[in-house]
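J.: My structure is below; once you've seen it, I'll send some questions.
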Amino acid sequence: MRSIYDLSEEDFKKYLEDMGEKPFRARQLMEWIYRHKISSFDEITNMKKTFVEQLKKDFVIDSLECVTMQKSSDGTRKFLFRLADGNLIESVLMNNDYGYSICVTTQVGCNMGCVFCASGMKKKLRNLNTSEIVLQLMTAERLAEVKITHIVIMGIGEPFDNYENVTRFMKIVNHPLGLEIGARHITVSTSGLVPKIKEFADFDLQVNLAISLHAPNGTIRSEIMQVNKAYPIDELIEAIKYYIAKTNRRVTIEYILLRDINDSREQANELADLLHGMNVYVNLIPYNEVLEKPYKRSTKESMQAFFDQLKKRRINVQLRREQGGDIDAACGQLRSKQMKKEENN
Ligand code: SAH
Ligand code: SF4
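Per the numbering used here, residue 16 is the first one in the sequence shown, and the count goes up by one each step.
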């Protein structure tokens with residue numbers, strides 16, 4: 016049966032229309048589900064009994080099973096969830112000075128094959144449904160007893176390879192009668208699916224876009240990110256420029272610093288040339304080493320030198336502070352550990 020958390024207000028309107036009900040009930044339903052967080056349709060008091068019975072026939076108010084929750088000394092919590100079909104996914108809840116943010120997963124595994132990433136070690140089995148993304152947030156909120164105000168769509172998977180469900184998720188969590196998470200508090204990160212970046216320029220909500228660039232040129236990018244073969248860096252830069260022109264919004268450029276791969280001062284210069292004149296903000300990310308991978312984190316000195324060089328070239332840049340360093344915080348690490356444990360049982 017279909018999960019109630021799969022429907023945006025528009026989807027509810029269509030359903031209501033089919034049922035011969037008034038479209039304004041869509042807003043009421045959003046309020047019951049996301050404001051009052053009902054666990055049974057019987058809690059609905061402002062609709063006809065017959066309609067409530069119909070809802071029960073058509074939808075389920077489902078939940079996510081939490082397998083483990085790790086808490087780090089800095090307050091970061093990492094959740095491992097089991098989906099109805101047995102697959103495992105993870106979400107990370109972070110406690111920032113501006114409030115709580117959650118990092119959500121969008122696919123079971125990932126097919127993009129970035130060589131440094133733990134998530135990509137397991138091929139994509141399927142996309143997550145909208146409900147499975149929504150429920151990560153709602154379950155984390157409930158278990159941690161906090162109110163989440165910010166979302167980063169940076170967990171396992173390539174969000175733009177699951178575009179429909181990810182954009183529907185954004186509309187649901189943004190709904191003013193529901194979870195009410197401001198569009199500017201939502202960030203989606205893509206490894207660079209060019210056609211979807213262009214399509215996203217026309218998306219209704221003012222969501223932040225982050226691009227995993229990770230290299231100053233096509234040669235290095237192709238070595239570490241397979242996606243560069245399908246969508247070369249020049250096309251990616253063009254798409255980002257198109258997006259900025261169309262939306263007038265600043266784009267975040269993510270750049271993981273990998274020792275001796277992409278972290279030299281010359282490469283910082285090359286990156287500055289590439290991004291020259293663009294309305295972007297560069298986020299330098301210390302690499303979280305992955306047991307099975309040969310890649311190493313850059314030294315503190317190289318990270319600082321890379322940062323200084325970009326600054327000198329007047330690029331907006333920050334060195335991301337780390338969170339959850341003591342709890343398998345790298346994408347996909349907790350999941351792969353649990354999967355190994357289960358394989359061995
Ligand atoms: N698939 C999307 C979103 C999920 S990954 C994307 O690639 O953009 C979110 C971010 O974490 C990406 O920038 C990714 O490159 C980065 N990342 C992946 N593995 C990492 C690791 N071990 N250490 C630090 N960052 C990592
Ligand atoms: Fe997939 Fe992102 Fe990991 Fe690349 S970095 S393998 S796109 S999750």
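Beta carbons are placed, not taken as given, at the ideal position from N, Cα and C, and that holds for glycine. No experiment lies behind these values; they were computed from the predicted model shown.
If we count the other Cβ atoms within 10 Å of its Cβ and call it buried at 16 or more, is Pro210 buried or exposed?
T.: exposed
J.: Taking its Cβ as the centre, do 16 or more other Cβ atoms sit within 10 Å of Leu15, making it buried, or is it exposed?
T.: Since the first residue of the chain shown is 16 and the last is 360, residue 15 is not available in this structure.
J.: Examine ligand 2 and report whether any of its heavy atoms sits within less than 7 angstroms of the Cβ of Ser237.
T.: No, ligand 2 has no heavy atom inside 7 angstroms of this Cβ.
J.: In three-state terms, what does DSSP make of Thr83?
T.: strand
J.: Could you pull the start and end residues of the beta strand (DSSP E) that Arg335 belongs to?
T.: Note, Arg335: premise wrong, no beta strand (DSSP E); not H, not E.
J.: For the alpha helix (DSSP H) holding Lys93, just list the boundary residues, first then last.
T.: From DSSP, Lys93 is part of no alpha helix (DSSP H) but of the beta strand (DSSP E) over Arg92 to Arg97.
J.: Could you spell out the range, first to last residue, of the alpha helix (DSSP H) harbouring Ile362?
T.: Outside the shown range of the chain, which is 16 to 360, sits residue 362, and nothing can be said about it.
J.: Can you tell me where the beta strand (DSSP E) holding Met109 begins and where it ends?
T.: Leu103 to Asn111
J.: My output table needs one value for Phe131: the three-state DSSP class, helix, strand or coil.
T.: Coil at Phe131, not helix or strand.
J.: Using the C-alpha atoms, what's the distance from Asp112 back to Asp89?
T.: 12 angstroms
J.: Exposed or buried, what is Asn360 when buried is set at 16 or more other beta-carbons lying within 10 Å of its beta-carbon?
T.: No answer about Asn360 holds up, because its pLDDT of 49 lies below 50 and its placement is not dependable.
J.: Ends of the beta strand (DSSP E) at Tyr270?
T.: Residues Val266 to Leu272.
J.: I'd like the list of long-range same chain contacts for Ala41, defined as Cβ closer than 7 angstroms, with 5 residues on each side in sequence excluded.
T.: In chain order, Glu24, Phe27, Lys28 and Leu31 place their CB closer than 7 angstroms to the CB of Ala41, counting only its own chain and leaving out the 5 sequence neighbours on each side.
J.: Counting along the chain, where does the alpha helix (DSSP H) carrying Pro309 start and finish?
T.: It is not in any alpha helix (DSSP H) - Pro309 carries neither H nor E in the DSSP assignment.
J.: Let's test the definition: count the other Cβ atoms within 10 Å of the Cβ of Lys93 and tell me whether it reaches 16, buried, or not, exposed.
T.: buried
J.: Using CA atoms only, rank isn't needed, just tell me which of His200, Phe96, Asp219 and Asp249 is closest to Ala225.
T.: His200
J.: Please write down, chain order preserved, every residue whose beta carbon lies under 5 angstroms from a heavy atom of ligand 2.
T.: Cys125, Met127, Cys129, Cys132, Ser134, Gly135, Glu173 and Ser206
J.: Taking all protein chains shown into account, decide if Ala260 is buried (16 or more other Cβ within 10 angstroms of its Cβ) or exposed.
T.: exposed
J.: If you compare alpha carbons, which of Ile166, Asp100 and Ala133 is closest to Asn144?
T.: Asp100
J.: If you draw a straight line from the alpha carbon of Val119 to that of Phe131, how long is it in whole angstroms?
T.: 19 angstroms
J.: Looking at the structure shown, is Ala345 part of a helix, part of a strand, or coil, going by DSSP?
T.: Residue placement at Ala345 is poorly supported in this model, since its pLDDT is 47, which falls under 50; the coordinates are not used for a value here.
J.: Mind checking which residues open and close the alpha helix (DSSP H) that includes Val297?
T.: No alpha helix (DSSP H) holds Val297; the beta strand (DSSP E) holding it covers Val295 to Pro301.
J.: Quick one: is His229 buried, meaning 16 or more other Cβ sit within 10 Å of its Cβ, or exposed?
T.: buried
J.: What does the alpha-carbon distance come out to for the pair Leu325 and Ala283?
T.: Distance from the CA atom of Leu325 to the CA atom of Ala283, rounded to whole angstroms, is 6 angstroms.
J.: So for His165, helix, strand or coil by DSSP?
T.: strand
J.: Assign Leu103 to one of two classes, buried (16 or more other C-beta atoms within 10 Å of its C-beta) or exposed (fewer than that).
T.: buried
J.: Give me the residue from Val123, Ser116 and Met109 with the minimum Cα distance to Phe96.
T.: Val123
J.: Candidates Leu273, Ile330, Glu316 and Gln319: which alpha carbon is nearest Cys129's?
T.: It is Leu273 whose Cα lies nearest to the Cα of Cys129.
J.: With 16 other CB atoms within 10 Å as the buried threshold, where does Asn298 fall?
T.: It is buried - the Cβ of Asn298 has at least 16 other Cβ atoms within 10 Å.
J.: Looking at the unbroken alpha helix (DSSP H) that takes in Gly233, where does it start and where does it end?
T.: Gly233 to Ile239
J.: Can you tell me whether DSSP reads Val203 as helix, strand or coil?
T.: strand
J.: Closest by CA to Tyr296, which one among Arg312, Arg328 and Thr314?
T.: Arg328
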